[in-house]
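Below: one structure, written as structure tokens.
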């Protein structure tokens, strides 16, 4: 099962679903965008991911009831990463907090050029596909009804992490307060 439990900087019982477990294999002979491309929702095995999420949600309910595993005061946290996921309707009821990193064209292109892909991006792929898909998905999520926190992707990793960390800690404190009053 592609679920990994660990502790992260004071946030108790955090889980991470490895995105790589849900991405289809890329076509090594790609010349044009196809469904295997990571910038398309069709490239993700969403059934497998939803199954993993459901299993995690069920197991976190059961393990919360077990005093042997962890304190009943802890609230399990699931981090689901990937900007395409905002457009997948079955996930709408799962989100408690949503974050979207914004980044200008020049910085995005610079970062993409430093990454190593197998196979490498064909010439013109960033301008012809990657950037237009980013803009398309960013526009689509602006119509989403739940609150998305937009983060400045040009800030340092530490600054972005601190902003998200503080927000998650506040959300956990609110949820803990709701649990105690129930």
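Residue numbers (mature numbering (1 follows the signal peptide of the UniProt record, and there is no 0)): -18 to -1, 1 to 164. By construction, the Cβ of each residue, glycine as well, lies at the ideal position given by its N, Cα and C atoms.
- Assigned with DSSP and collapsed to three states, residue 96 falls in helix.
- Restricted to the segment 59 to 122, the beta strand (DSSP E) segments that are unbroken, complete and at least 3 residues in length are 59 to 61 and 81 to 84, listed in chain order.
- By the neighbour-count definition (other C-beta atoms within 10 Å, threshold 16), residue 34 is a buried residue.
- Shown here, residue 149 sits in a helix according to DSSP, grouped into three states.
- In this structure, the straight-line span from the alpha carbon of residue 141 to that of residue 28 is close to 31 Å.
- Between the segment 112 to 127 and the segment 143 to 156 there are fewer than three inter-stretch CB-CB distances shorter than 8 Å, so the stretches are not counted as touching.
- In this structure, the beta-carbon distance from residue 159 to residue 83 does not fall below 8 Å.
- The segment 90 to 97 makes no contact with the segment 59 to 77, as fewer than three CB pairs between them are under 8 Å.
- Residue 131 is classed as exposed because its beta carbon has fewer than 16 other beta carbons within 10 Å across all chains shown.
- According to DSSP, residue 133 shares a beta bridge with 83.
- Shortest Cα-Cα distance from residue 39 to any of 60, 24 and 109 involves 60.
- Exposure of residue 36 is indicated by the presence of fewer than 16 other C-beta atoms within 10 angstroms of its C-beta.
- Straight-line spacing of the CA atoms in residue 110 and residue 85 works out to 17 Å.
- Annotated as distal: residue 154 and residue 76, with beta-carbon spacing of 8 Å or more.
- Pairing residue 90 with residue 116 gives a Cβ-Cβ distance under 8 Å.
- Residue 87 places its beta carbon less than 8 Å from that of residue 113.
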